[in-house]
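Q:
2 protein chains.
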Amino acid sequence: MSQQKLSIRLNCPLPKLDFDVITLGHGSGGVLTHRLLDTGVFNVLKNDLLNEQHDGAVLNFNGPVAFTTDSYVITPIFFPGGNIGELAVNGSVNDLAMCGAIPQYLSLSFILEEGLRMDEFWEVLLGIKKASEEAGVPIVTGDTKVVDKGKGDKVFINTTGLGRLHPKANIHANRVKPGDKILVSGPVAQHGVAILSVRQGLEFETTITSDTKPLHQPVLKLLDALGEDVKFLRDPTRGGVATVLNELATQSGHGVEIIQKEIPISEQVEGACEMLGLDPLYVANEGIFLAIVSESKAAPALHILRNFDPLASIIGEVTHDHPRQVLQHSRIGGRRIVSMLPGEQLPRIC
Amino acid sequence: MSQQKLSIRLNCPLPKLDFDVITLGHGSGGVLTHRLLDTGVFNVLKNDLLNEQHDGAVLNFNGPVAFTTDSYVITPIFFPGGNIGELAVNGSVNDLAMCGAIPQYLSLSFILEEGLRMDEFWEVLLGIKKASEEAGVPIVTGDTKVVDKGKGDKVFINTTGLGRLHPKANIHANRVKPGDKILVSGPVAQHGVAILSVRQGLEFETTITSDTKPLHQPVLKLLDALGEDVKFLRDPTRGGVATVLNELATQSGHGVEIIQKEIPISEQVEGACEMLGLDPLYVANEGIFLAIVSESKAAPALHILRNFDPLASIIGEVTHDHPRQVLQHSRIGGRRIVSMLPGEQLPRIC
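Top to bottom, those sequences are chains A and B. This note's numbering puts the last residue of the first sequence at 557; the count rises by one with no breaks. This note's numbering puts the last residue of the second sequence at 557; the count rises by one with no breaks.
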């Protein structure tokens, strides 16, 4: 695609990048690396801390700080609802939120494959900028490496996040007790189905899009209002809701029961799961989270979550019975054990 | 290699990992990921913070904190003097030190290629453990992804580091002034030549080994003794000494002059560079750093550095003349401009 066409499509002036594709020289640390950073990365993501261009950023903290890291290897790098850049920002913002922290800073590290088209790199970079601005979390330090063609896959991204703990946060699996309620903040399985649809070239009446988005606002509202009654938070990405609930059961030592008909899922995603032979409980999500709250605060918690997504729901509870196991009551009245994802369902989903 | 032989070679009992190679399932987030982490990673790297097994670690800080990230894509992953695991720990420890910080915590993120031999993964993990213990910097949070065979190259690692700023540190290129002296903490070009020798199957009388090691001890001694008279610190990794000095000249707006005969280099490395047609000023290092200090404090700075390496040396100074350029006085009396690395010398050197 010509620079001009791309500029129009992205609705953004492009930098003069001299090259059409990424070369090994862009990872040399020398002139080409500097040119890529100065005209591309620094220019797009600019802020006072990043502009120091030192080996690292210097930040100020006073008190407990959450620290989380994730590498993103999703394929394809562009998908309905986002790209790997947005995913990499939102993913680490959300991991901070799940620690009960207010996301503040991100680092950004690229592993680029030689031959990556510069317009694709540019589009990913703009995805990062957009997500970083929407979440209000600046990129303050970074790194760029290039690997030879055939030794990577276009773009891998690592983001590592820092955020100060919410003063009322006390998020630990071992604080979860029988009777606590399990809430989900929105409909399940959207991200995984969106990715699989692109990979398999499936078409639906309307496109199923990834739910990638930052989740810290609803989390912070929950913590503001309910404090220590919010006991556990987790975004069910790889492995889906089933895996998070199994981790919770194992770590807390209690049982978990969920009610299938209370689990929100869009009709279209449910239909796609049936067609693809997927259990939506195992499908990856990027824009919802599970919250375990005291029984007495389940109603106000649901009220808060529904301000952000009307499909938020109380899907089950923590039990004395069947410790370390997750049980689902099905729509037709049966009960079954929901185990942890045994093998691999959808590789490279995030 | 059998588990038993490997156990003997690494002088360490191996965990029961069930598999001989990494599979896509190890990146699923489900049962296999948990098994790999519980029996492998967590068990090897265990510490109180990592053991929380949440989406992130919660740390305490009070004051300015340095934050730095790097991805490591070196090939081969095993080389004389170390492996990618040690490099990934030492590299980020050193980037923190170059900010004038006391390294405290690291995150660790793997991108593994499907089919990676489990014994190789295990050896890398032990390299990480060893380097983390030697530097006294624990791994407190992490992530593991797996990409399909042919879409990665055995192991890529991201480490992101946090450290509290040394109370006397004030490291900025814009504090550098004409007259300041340039010191190097040890002999140059060792890492790059070690890697290139393995790649090209070259043999020397004795093996040239990478200089990968943590550098925070000499840096902290310099800061303890000389405080603000230490103006700039940088480890010359990719792009070598020439690139760092060019960055310094550009960022400070001053000139830089270095004296070739003062630049320490081992006879063997110098011979190898000649044979390979490499200018040692551009070759990557992993275990040395450049320090710019006030003229009046150059002698005590050198004294401190020589306690760690007798080959530490004052190699030049910052000048009013030829601003933004680096000049080298050669052994035979000539002068030449040393520019930034224009293309790529040794891809995937770190």
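Beta carbons are placed, not taken as given, at the ideal position from N, Cα and C, and that holds for glycine.
Cutting at 7 Å between CB atoms, please list the residues of its own chain near serine 299 of chain A, excluding the five before and the five after it.
A: Thr275, Asp277, Leu313, Thr366, Thr367 and Gly368
Q: Determine the direct distance from the alpha carbon of isoleucine 318 of chain A to that of phenylalanine 285 of chain B, and round the result to whole angstroms.
A: A direct Cα-to-Cα measurement between phenylalanine 285 of chain B and isoleucine 318 of chain A gives close to 20 Å.
Q: Among the residues of its own chain, which have a CB less than 7 Å from the CB of phenylalanine 226 of chain B, if the five just before and after it don't count?
A: Listed in chain order, the non-local C-beta contacts of phenylalanine 226 of chain B below 7 Å within the same chain comprise Met325, local neighbours out to five positions each way being set aside.
Q: Taking the beta carbon of proline 549 of chain B as the centre, do at least 16 other beta carbons fall within 10 Å, making it buried, or is it exposed?
A: exposed
Q: Taking only beta-carbon positions, decide if aspartate 262 of chain A is within less than 7 Å of chain B.
A: yes
Q: Would you call aspartate 442 of chain B buried or exposed, if buried means 16 or more other Cβ atoms sit within 10 Å of its Cβ?
A: buried
Q: Can you tell me which of A/Gly399, A/Pro374 and A/Glu469 puts its alpha carbon nearest to the alpha carbon of glutamate 435 of chain A?
A: A/Pro374
Q: Run through chain A and tell me which residues come within less than 9 Å of aspartate 227 of chain B, C-beta to C-beta.
A: Here the premise fails: no neighbours, minimum Cβ distance about 17 Å.
Q: Please report the distance separating the alpha-carbon of aspartate 516 of chain B from that of glycine 349 of chain B.
A: 34 Å
Q: Alpha carbon to alpha carbon, how far is threonine 526 of chain A from lysine 352 of chain A? Give it in angstroms, no decimals.
A: 48 Å
Q: In this structure, how does DSSP classify valine 525 of chain A when only helix, strand and coil are distinguished?
A: Strand at valine 525 of chain A.
Q: Against glutamine 552 of chain A, what residues of chain B qualify as contacts under a CB-to-CB distance less than 7 Å, listed in chain order?
A: Ser235
Q: Note down, in chain order, all residues in the region 265-277 of chain B with a beta-carbon under 9 Å from any beta-carbon belonging to chain A.
A: Val265, Leu266, Asn267, Phe268, Asn269, Gly270, Pro271, Val272, Ala273, Phe274, Thr275, Thr276 and Asp277
Q: So histidine 423 of chain B is in the beta strand (DSSP E); what residue range does that whole segment cover?
A: Segment 423-433 is the alpha helix (DSSP H) holding histidine 423 of chain B; no beta strand (DSSP E) there.
Q: Would you mind giving the Cβ-Cβ distance between isoleucine 415 of chain A and glutamine 475 of chain A, rounded to the nearest angstrom? I have them listed as a contact below 8 Å.
A: 6 Å
Q: Nearest to valine 383 of chain B by alpha carbon, out of B/Leu509, B/Asp528, B/Ile495 and B/Val500?
A: B/Val500
Q: With a threshold of 8 Å, are at least 3 pairs of Cβ atoms found where one atom belongs to the region 256-272 of chain B and the other to the region 530-549 of chain B?
A: no
Q: Hey, is isoleucine 318 of chain A's beta-carbon within less than 7 Å of any beta-carbon in chain B?
A: yes
Q: Checking contacts by CB at 7 Å: is threonine 414 of chain B closer than that to chain A?
A: no
Q: Express the C-alpha separation of leucine 430 of chain A and alanine 508 of chain B in angstroms, rounding to a whole number.
A: Straight-line spacing of the CA atoms in alanine 508 of chain B and leucine 430 of chain A works out to 51 Å.
Q: Using a beta-carbon distance cut-off of less than 8 Å, what residues from the region 385-418 of chain A approach chain B?
A: none
Q: Hey, does glycine 292 of chain A have any beta-carbon neighbour from chain B nearer than 7 Å?
A: no
Q: Rounded to a whole number of angstroms, what is the C-alpha to C-alpha distance between aspartate 245 of chain B and histidine 241 of chain A?
A: Between aspartate 245 of chain B and histidine 241 of chain A, the C-alpha separation is close to 41 Å.
Q: Looking at glycine 447 of chain A: is its Cβ nearer than 7 Å to the Cβ of leucine 512 of chain A?
A: no
Q: Would you kindly work out how many angstroms separate the C-alpha atoms of glycine 393 of chain B and isoleucine 470 of chain B, rounded to a whole number?
A: 9 Å
Q: For phenylalanine 274 of chain B, which residues does DSSP report across the bridge?
A: A/Ala264 and B/Leu369
Q: Using a cut-off of 7 Å between C-beta atoms, extract the partners of lysine 352 of chain A located in chain B.
A: Ser278 and Val280
Q: Just to confirm the assignment: which complete alpha helix (DSSP H) runs, minimum length 4, are found wholly within the region 315-391 of chain A?
A: 325-342
Q: Hey, is threonine 367 of chain A close to the ligand ZN, as in C-beta under 6 Å from one of its heavy atoms?
A: This structure simply doesn't include the ligand ZN, nor any ligand for that matter.
Q: Taking alanine 338 of chain A as the reference, which of A/Ile291, A/Met305 and A/Lys356 has the closest Cα?
A: Out of A/Ile291, A/Met305 and A/Lys356, A/Ile291 has the C-alpha closest to the C-alpha of alanine 338 of chain A.
Q: Taking the alpha helix (DSSP H) that isoleucine 511 of chain B belongs to, which residues open and close that run?
A: Its alpha helix (DSSP H) spans residues 505-515.
Q: Taking glycine 307 of chain B as the reference, which of B/Thr444, B/Ala505 and B/Gln424 has the closest Cα?
A: B/Gln424
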